[in-house]
Amino acid sequence: ETLSFMQYALQEDFDVSINIHTGAEVCNYPWDCWNSHQSIHPDKNWFINICEEFVNTARHSAGNNYFTDVSSNGIILGGDWYKIYGSRQDWQTWYTKAREITLEVSTQKTPPSNSLPNYWNYLKDGLIGFIDNSLVGVKGLIKDITNNQAINSATIEVENLDNENSITYSNSEGYYFRPLLAGNYNIKIHAENYQDTSFTISITDNSTLLKDIYLTPS
């Protein structure tokens, strides 16, 4: 099952994802294998923001006591809760450069089947909101300026924010997406055999900036 999912994730090349568990009630974000004193993902504030939006929406449906058994705000960095190695969340975020969170949605490890409609009602608005929030940032196509061909595996680096574990890449169709909170950012694009290019963007609240990029062969 694990290997099949990994193959599927690499094939589909997700940008943002959730996996849903039971056994607790908390919104858990990377990293699971390090605590906050050892390593912080550059997008920590993005993870916290998207978790806050989810938890607040779920509590509106289920009550203020939902998502409180692990932390009062319903959010935790995985390694600050307990460490595990080889989690799907960490694999997705580290190796595929997607951003993934883990939702623990029930203190009961196996909730009775007749409770599932209740959990759907608790979670549906938060899940739909997560989809909306996961689209906020900058996206577009990266192409060769001389022939309009897509450029695969170009790196999209947010200067003064990203490190090697958070840089995103264009896919075989030249498509890229970088989730970002509202703010001003300097973006650097690098691709083998092309000249690097940099530009500044402004992201406003709850918006997606569309920006196609054309690179000049070096």
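When the letters of the sequence shown are read in order and numbered with our numbering, they come out as residues 2 to 219. Glycine included, every Cβ here is placed at the ideal spot set by N, Cα and C. Only a predicted model underlies this, so the values are computations on that prediction, with no experimental measurement involved.
Where Ala192 is concerned, there is no enclosing beta strand (DSSP E), because DSSP gives it neither an H nor an E. Per the C-alpha coordinates, the member of Arg100, Asp91, Tyr215 positioned closest to Asn148 is Tyr215. Considering only Cys52, Gln12, Trp47, Gly175, the residue with the shortest C-alpha distance to Glu26 is Cys52. Taking a cut-off of 8 Å for Cβ pairs, the segment 31-49 and the segment 108-123 do not touch, as fewer than three such pairs fall below it.
The beta carbon of Lys84 lies closer than 8 Å to those of Asp33, Cys34, Trp35, Asn36 in the same chain, with the five residues before and after it left out.
The straight-line gap separating the alpha-carbon atoms of Ser62 and Leu4 is approximately 36 Å.
Residue burial annotation: Ala192 is buried, with at least 16 other C-beta atoms found within 10 angstroms of its C-beta.
At a Cβ-Cβ threshold of 8 Å, Asn20 and Glu101 count as neighbours. Your pair Gly130 and Thr58 checks out as a contact, with CB atoms roughly 5 Å apart and the cut at 8 Å. Bridge partners of Arg100 according to DSSP: Val17.
Straight through space, the alpha carbons of Gly24 and Phe48 are spaced by roughly 21 Å. In the DSSP annotation of this structure, the continuous segment of the beta strand (DSSP E) that includes Asp145 starts and ends at 138-145. Counting every other CB atom within 10 Å of its CB across the protein chains shown gives Leu211 a total below 16, marking it as exposed.
Exclusion of the five residues before and after Ser203 leaves Asn185 as the residues of its chain whose Cβ lies within less than 6 Å of its Cβ.
Leu136 is positioned such that its CB atom lies closer than 8 Å to that of Thr209. A distance below 7 Å between beta-carbons, with the five flanking residues on each side excluded, links Asp91 to the following residues of its chain, in chain order: Pro31, Trp32, Asp33, Cys34. Here the alpha carbons of His22 and Ile77 stand approximately 15 Å from one another. Distance check between Glu174 and each of Gly87, Ile152, Gly75, Thr205 places Ile152 closest, using alpha-carbon atoms only.
In the displayed model, His42 falls within coil according to three-state DSSP, outside both helix and strand. With 16 or more neighbouring CB atoms inside 10 Å of its own CB, Asn134 falls in the buried class.
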